[in-house]
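Numbering (my numbering), first residue to last: 1410 to 1691. Note that the Cβ used here is the ideal one computed from N, Cα and C, for glycine as well. To start, the structure itself, in structure tokens.
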Ligand code: GLN
């Protein structure tokens, strides 16, 4: 045991991967990454050290880093994360990029719907990229909507004066005004099958189960979203959904069976078909 705790001694002694230890220590101290380097040998306040040891122990026990520090970066934006929401994943940025691209061909002030918004990462990132877009974000969890609304306010206020997102507590389309139709619908729905062993591994153990699995074959949320989309899309509007690494073909068949055109999938940075979508010919 070192006589004086410093950044250098704490990082050296940590059982965690170096990057995780640095993130948690920076959070406990309220220091930036550069300060961890330039002030590595400064004697630390014992209360701060105790706070770090607590975070470190919880991480060793499996709690996700994003929940321990209360945030996760997505699309260059810093999203608040709680235990009530799925932690944003880097591969989901592909869904945002694809939606933003689809909006390029649409008229001004296009309408976008994000189903199962969670943190609001997808809806807020689209709104951030397209300040003129009118974005609706729904979730059936009131706790998730509260997190999403805080993220929208904090991240978008400077960018979209008066251009707030619309939030609704809704089971997919159920609570949306019947007259509302959209240019683009996106979703990262629960797509893990109920028996999948991943649900009891890693970060997933600490995330809301309802955001991860449909408690069925992994495709039931996707079927519901596709089935409801035709009456919610403008002519030539598009629907894009994220799905599991082995679900692309099944999702394309569901889209085709419901009359979607230009059905295709796109690969994430790992080369895995991660999202699929299509155009509603009207
Ligand atoms: N991408 C998440 C995972 O595999 C699952 C998220 C979801 O079901 N939408 O860890």
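- In this structure, 1442 is the residue among 1641, 1414, 1442 with its C-alpha nearest to the C-alpha of residue 1427.
- Residue 1632 and residue 1599 have their C-alpha atoms some 12 Å from each other.
- Under the 10 Å beta carbon count, residue 1654 is surrounded by fewer than 16 other beta carbons and is classified as exposed.
- In this structure, the CA atom of residue 1578 is about 45 Å from the CA atom of residue 1453.
- Under a 10 Å Cβ-count criterion, residue 1690 is classified as exposed, with fewer than 16 other Cβ atoms of the shown protein chains found around its own Cβ.
- Out of 1660, 1665, 1687, 1616, the CA that lies nearest to the CA of residue 1479 is found in 1616.
- Annotated three-state conformation of residue 1601 is strand, per DSSP.
- Per DSSP, reduced to three states, the secondary structure at residue 1505 is helical.
- Taking C-alpha positions only, residue 1548 is separated from residue 1484 by approximately 21 Å.
- The criterion of a C-beta distance shorter than 8 Å is not satisfied by residue 1511 and residue 1535.
- When C-alpha distances from residue 1474 are compared across 1437, 1580, 1504, the shortest belongs to 1437.
- Short note on residue 1634: C-beta not closer than 7 Å to any heavy atom of the ligand GLN.
- Nearest neighbour of residue 1459 by Cα position, chosen from 1447, 1416, 1448, turns out to be 1416.
- The C-beta of residue 1607 has fewer than 16 other C-beta atoms within 10 Å across all chains shown, which makes the residue exposed.
- With a cutoff of 8 Å on beta-carbon distance, residue 1637 and residue 1581 are scored as near each other.
- Residue 1475 sits in a helix when the DSSP states are folded into three classes.
- For residue 1641 and residue 1676, the gap between their C-alpha atoms comes out near 26 Å.
- If you compare the alpha carbons of 1467, 1431, 1418, 1457 with that of residue 1450, the shortest gap goes to 1418.
- About 5 Å separates the beta carbon of residue 1522 from that of residue 1594, a gap short enough to meet the 8 Å contact definition.
- Within a 10 Å sphere around the beta-carbon of residue 1678 sit fewer than 16 other beta-carbons, which makes this residue exposed.
- For the pair residue 1604 and residue 1625, the Cα-to-Cα distance works out to about 8 Å.
- Under the 10 Å beta carbon count, residue 1423 is surrounded by 16 or more other beta carbons and is classified as buried.
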